[in-house]
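In this note's numbering, the protein residues as written are 26 to 121.
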């Protein structure tokens, strides 16, 4: 028996500070094999594997695009994230 799934999720950018106790999706790795993300998704943040110049962990894709458009291309760029399942299958060679 095979089980396949695909989900569409929107992570909207906050226009005001989050309310104390407000439920939001915090920092996480994706549980599946691959996650496909449009680079112009508002509110999307990525954590580079290597340390960045500013020493921060998570960065908004919007700010990363402004700093280095060559890394992401234009608004039609799709980002492919490795998920936990593929990290496990690659024995840690590819990081989620």
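Where a beta carbon is used, it is the ideal one built from N, C-alpha and C, also for glycine.
Predicted, not measured: the structure shown is a model, and the values here were computed from it.
If you draw a straight line from the C-alpha of residue i to the C-alpha of residue j, how long is it?
i           : j           : result
residue 42  : residue 50  : 15 angstroms
residue 108 : residue 102 : 19 angstroms
residue 30  : residue 106 : 16 angstroms
residue 28  : residue 90  : 36 angstroms
Closest to residue i by C-alpha separation, out of the options, would be which residue?
i          : options           : result
residue 52 : 29, 40 and 85     : 85
residue 83 : 90, 70, 92 and 61 : 70
residue 34 : 60, 73, 28 and 74 : 60
Buried or exposed, going by whether 16 or more other CB atoms sit within 10 Å of the CB of residue i?
i           : result
residue 54  : exposed
residue 121 : buried
residue 64  : buried
Is residue i near residue j, with beta carbons less than 8 angstroms apart?
i           : j           : result
residue 104 : residue 48  : no
residue 110 : residue 119 : no
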